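Residue numbers (this note's numbering): 1149 to 1369.
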């Protein structure tokens, strides 16, 4: 059995999420909107609770199409509050509509939400090298900055802890433990900046081993 991060339980849904999705760089705007909504819904709850409701959320929120959700009227919100498949919290449901409208504004301003969001990490994942769950932060200076800017734009349920969870989920940071079997592949998703390569000395054989990936970096503001 492959070694995984310490937060993963034996639940097949949790395992699949960890193995296939968590920490994988995501750039599709609809998926980013989905994760924004789900991370906000999780506030005060366990993530597995939200994962189990994910398909119900997909149906309730028009396949996470922000253009459709932005047009939800109070009557539609009231019906959603009767849906047992989602978290029936009035503030969370209403915030999804508010956030959809703010999301569209960001798209208009930046061309895509992806471009806006990933600008906080310079457009490429930050690779950490944590060896225990105790080392993994709940928030960072970067998540503080993202939270502050989203709140300024009118987004709701975007505290720094929620923003850091979003950054982890969509691969802006690689917080898989170095012992996790997913770490090497995702660490490779963040190549170092291109630099001119000096000509190899004559004694270097063709096809020789490449230098290993550089040291992992902690997020910095």
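Ideal Cβ placement from N, Cα and C applies to all residues, glycine included.
The model shown is predicted, which means the values in this text are computed figures rather than measured ones.
message: Which residues does DSSP list as the beta-bridge partners of residue 1322?
response: Beta-bridge partners of residue 1322 (DSSP): 1275.
message: Does residue 1234 come out as helix, strand or coil in the three-state DSSP assignment?
response: When DSSP states are grouped into helix, strand and coil, residue 1234 belongs to the coil group.
field: Collapsed DSSP secondary structure at residue 1191 in the structure displayed
entry: Coil at residue 1191, not helix or strand.
field: C-beta atoms of residue 1162 and residue 1185 nearer than 8 angstroms
entry: The Cβ atoms of residue 1162 and residue 1185 do not sit closer than 8 angstroms to each other.
message: So, at 7 angstroms on beta carbons, what are the nonlocal neighbours of residue 1299 in its own chain, with the 5 sequence-adjacent residues on each side left out?
response: Cβ within range, chain order: 1306.
message: Going by C-alpha to C-alpha distance, which of 1238, 1248, 1229 sits closest to residue 1215?
response: In terms of CA proximity to residue 1215, 1248 leads the group 1238, 1248, 1229.
- prompt: When the Cα of residue 1189 is compared with those of 1330, 1219, 1289, 1238, which residue comes out closest?
  reply: Of all alpha-carbon atoms in 1330, 1219, 1289, 1238, the one lying nearest the alpha-carbon of residue 1189 is that of 1238.
task: Below 8 angstroms CB to CB, which residues in the same chain sit around residue 1208 once its five sequence neighbours on both sides are set aside?
output: Taken in chain order, the residues that qualify are 1228, 1231, 1233, 1234.
- prompt: So the alpha helix (DSSP H) residue 1266 belongs to, where does it begin and stop?
  reply: Boundaries of the alpha helix (DSSP H) around residue 1266: 1261-1266.
message: Let's see if you can read the secondary structure: which residues bound the alpha helix (DSSP H) around residue 1226?
response: Element bounds for residue 1226: 1222-1228.
- request: Grab the span of the alpha helix (DSSP H) containing residue 1332 for me, first residue to last.
  value: Note, residue 1332: alpha helix (DSSP H), 1331-1335.
- prompt: For residue 1268, which of 1259, 1252, 1281, 1292 has the nearest alpha-carbon?
  reply: Ranking the options by Cα distance to residue 1268, first place goes to 1292.
field: Exposed unless 16 or more other CB atoms sit within 10 angstroms - verdict on residue 1339
entry: With a pLDDT of 46 at residue 1339, under the threshold of 50, the predicted position of this residue should be treated as unreliable, though the coordinate-derived value follows. The residue is exposed, with fewer than 16 neighbouring Cβ atoms inside 10 Å.
Supposed contact pair residue 1183 and residue 1284 - C-beta distance, whole angstroms, cut 8 angstroms: Contact doesn't hold; Cβ gap of about 18 angstroms is too wide.
- request: Have a look at residue 1265 and residue 1226 and give me their C-alpha separation to the nearest angstrom.
  value: If I take the Cα positions, the gap works out to 31 angstroms.
task: Following the continuous alpha helix (DSSP H) through residue 1295, name the residue where it begins and the one where it ends.
output: It spans 1289-1300 - the alpha helix (DSSP H) in which residue 1295 sits, taken as one unbroken run.
message: Quick check on residue 1256: does DSSP put it in helix, strand or coil?
response: Residue state, collapsed to three classes: helix.
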